[in-house]
Amino acid sequence: MSHVLESAAGVPSSGPLAEALTMRGKLMELTQASYEAALLPSDAGNLPASLRAALACRMARICQQAGLTQHYADLLAGHGDDADPYQLALPGQMPPADNQRLVAMVDYVDLVTERPRDASEATIGSLRTAGIDEADIVRLAGLVAFVNYQLRVAAVLSVMGKSQ
């Protein structure tokens, strides 16, 4: 069974890398389940699926991971033309300054993706100050943590797949 991560990383369907991932099937299943929980949760709170897809696409573009960028762009496109009104999927694009909640989310996504060492309790405080409730902070942190994990694993798998 091909998972999002394997597809996005271009893992060949046969060969040493495919065999190694088959041997780690439980890990790949858990990674896929984490993807579904982060991007397609049953309780999205105030982070709708279209926003999650846009932020995930933004992170993939920041990390220049073509397979996941395409996957998340396709996922976002599936939500319709108005799914990303501020073009948040594009690094450098920001929502209007008066949308403090969304500005704080994008700042958080960019910081944790580009400079995770600089994240601190003050970073979470800025989300609270913007009016984001604790449950949505946890949802956002989970999304950002998962996508950044996925990006790093995809980068490794891509290199390993090319070396076969």
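Under numbering that gives the first Met the number 0, think of the first position of the sequence shown as 0, with each following residue one higher. We treat Cβ as the ideally placed atom computed from N, Cα and C, and that holds for glycine.
Taking Asp-117 as the centre and dropping the five residues before and after it, the same chain places the C-beta of Leu-110 closer than 7 Å to its C-beta, in chain order.
Remark: C-beta atoms of Leu-75 and Ala-52 approach each other more closely than 8 Å. As for any alpha helix (DSSP H) of minimum length 4 sitting wholly inside the stretch 10-34, the runs are 15-22, ordered along the chain. Between the stretch 124-134 and the stretch 151-159, the count of Cβ pairs shorter than 8 Å is below three; the stretches do not touch.
Collapsing the DSSP output to three states places Gly-66 in a helix.
Minimum Cα-Cα distance from Glu-5 among the listed residues Ala-48, Tyr-107, Gln-64 and Thr-112 corresponds to Gln-64.
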